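In the UniProt record's numbering, the protein residues as written are 1 to 426.
Cβ atoms here follow ideal geometry from the backbone N, Cα and C, with glycine treated the same way.
Remember, it's a predicted structure, so these values are computed and weren't measured experimentally.
Notes for the one structure printed next.
Below you can see the structure in the form of structure tokens.
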């Protein structure tokens, strides 16, 4: 075991977390007093490090609760944790989890670049894999229409679609000059293209006056901000979401871009919400929290318990990756228990997969389900920011909620054709 992974396992503590050397007997038919082993692959460093950390905390909380209540179908859950980095190395860790550690299921993955490459490998290996935030989209095109072993997150464009609809809902007629600053890979480019397509669908007259495409991980955004300011946009759309987002906000504020006249739409800002302080994050911007808004009014007992736990233990507030991780574990748990009940014996891998298709669960952020084509459906939260709160960062003054069946294309449908023809409601 390498030193980094040993330190990670030690930091997590012993409960429910297994080192790779632990013995394992694989499905389909095993003694029910043997732990279920779930592999987790999540980023721990770099610009996505805090995202993976929050997701891992959601997994740990889910696992602790499951084990305290007797496990999954009577079997305790054991976690084997690996780090998500680049596609090549992450795939090697998938192979290790499946072939050496003999896990029953693998969960995790934040990067769409990693998940796109990993999905095909998992299918070839016949390894059950549930992505937190990963898809198997190449751009907006689905590359795996009918996977057997891989279960995907909601489509990458859901948050961009919702933010675009809110721009029309709240600001139609108040802007014509549009600029974008988006990460220079498929996620950023697809989101900005979707934004423009939806403006056209709803009859918004606009012109794009600036497009900035910083490479992922770029932390000097001075020239990008200067270009945006020089273009004098009425509205800036940005799908920045990693550690570069707070840097952009500080730089833009310092340059005078946030002058009270320019509108901002940030569909994925929730990843960095506690770092977007009031002094440089304006009120009234469209701000996406994806599938978990920690400060939701009248939260479910489940969400309240998790947010309270998170704040008490980590002195922080969770974002949506915790929800995605919790959702993945609940889908697996519900699938195993449904299959076990139907068979009245321990189910096979195929039994569990069949049971997960179409299954409905309650996650931290609300109701969700796994479609029969292995794409998640979840509840999304966005709204307009306010400083009127007890925190030192911006929250939502007005919260809009949409279910993802209003935000993502149906099975087998071209994304752009769906935007053109769907009856999308504001």
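What is the residue span of the beta strand (DSSP E) that residue i lies within?
i           : result
residue 183 : Unbroken run through residue 183: none, as it is neither H nor E.
residue 79  : 77 to 83
residue 398 : 395 to 403
residue 327 : Counting along the chain, residue 327 falls outside any beta strand (DSSP E), though it belongs to the alpha helix (DSSP H) covering 320 to 343.
residue 88  : Note, residue 88: premise wrong, no beta strand (DSSP E); alpha helix (DSSP H) at 87 to 95.
residue 98  : No beta strand (DSSP E) holds residue 98; DSSP gives it neither H nor E.
residue 265 : 263 to 266
What residues match up with residue i in a beta bridge as DSSP calls it?
i           : result
residue 429 : Nothing in the structure corresponds to residue 429, since the chain is present only between 1 and 426.
residue 437 : No information on residue 437 is available, as it lies outside the stretch 1 to 426 that the chain covers here.
residue 281 : In the DSSP output, where bridge partners are listed per residue, residue 281 has none listed.
residue 211 : 180
residue 366 : 363
residue 235 : 178 and 263
residue 376 : 370
Name the residue from the options whose alpha carbon lies nearest to the alpha carbon of residue i.
i           : options               : result
residue 239 : 325, 162 and 152      : 162
residue 62  : 176, 193 and 303      : 303
residue 289 : 132, 383, 393 and 128 : 383
residue 253 : 421, 211, 274 and 279 : 279
residue 232 : 210, 67 and 246       : 210
residue 392 : 341, 274, 326 and 399 : 274
residue 124 : 402, 312 and 149      : 149
residue 182 : 190, 176 and 307      : 190
residue 207 : 180, 272, 222 and 153 : 180
residue 269 : 169, 363 and 385      : 385
residue 425 : 93, 132, 201 and 151  : 201
residue 130 : 373, 421 and 205      : 373
residue 261 : 140, 235, 117 and 416 : 235
Helix, strand or coil for residue i per DSSP?
i           : result
residue 371 : coil
residue 118 : helix
residue 304 : helix
residue 414 : coil
residue 203 : coil
residue 409 : coil
residue 141 : strand
residue 151 : strand
residue 29  : Because the pLDDT at residue 29 is just 43, under 50, the model does not fix this residue reliably, and the point stays unresolved.
residue 420 : helix
residue 10  : With a pLDDT of 38 at residue 10, under the threshold of 50, the modelled position of that residue is not reliable, and no figure is offered here.
residue 386 : strand
Taking the alpha helix (DSSP H) that residue i belongs to, which residues open and close that run?
i           : result
residue 62  : 49 to 68
residue 245 : 244 to 254
residue 346 : Segment: none, residue 346 is in no alpha helix (DSSP H) and carries neither H nor E.
residue 169 : 158 to 171
Cβ of residue i less than 8 Å from any chain C Cβ?
i           : result
residue 348 : Checking the listed chains, one finds no chain C in this structure; it contains a single protein chain.
Ignore the nearest five residues each way along the sequence and tell me which others in residue i's own chain have a CB closer than 8 Å to its CB.
i           : result
residue 359 : 331, 334, 335, 338, 369 and 370
residue 75  : 32, 33, 34, 35 and 36
For residue i, which residues in the same chain have their Cβ closer than 6 Å to its Cβ, ignoring the five residues on either side in sequence?
i           : result
residue 295 : 395
residue 199 : 206
residue 264 : 236 and 285
residue 159 : 267, 268, 288 and 290
Suppose the cutoff is 7 Å on Cβ atoms and the five residues either side in sequence are ignored; what does the same chain contact list for residue i look like?
i           : result
residue 387 : 278, 283 and 394
residue 72  : 36, 66, 333, 336 and 337
residue 324 : 55, 132, 133, 153 and 291
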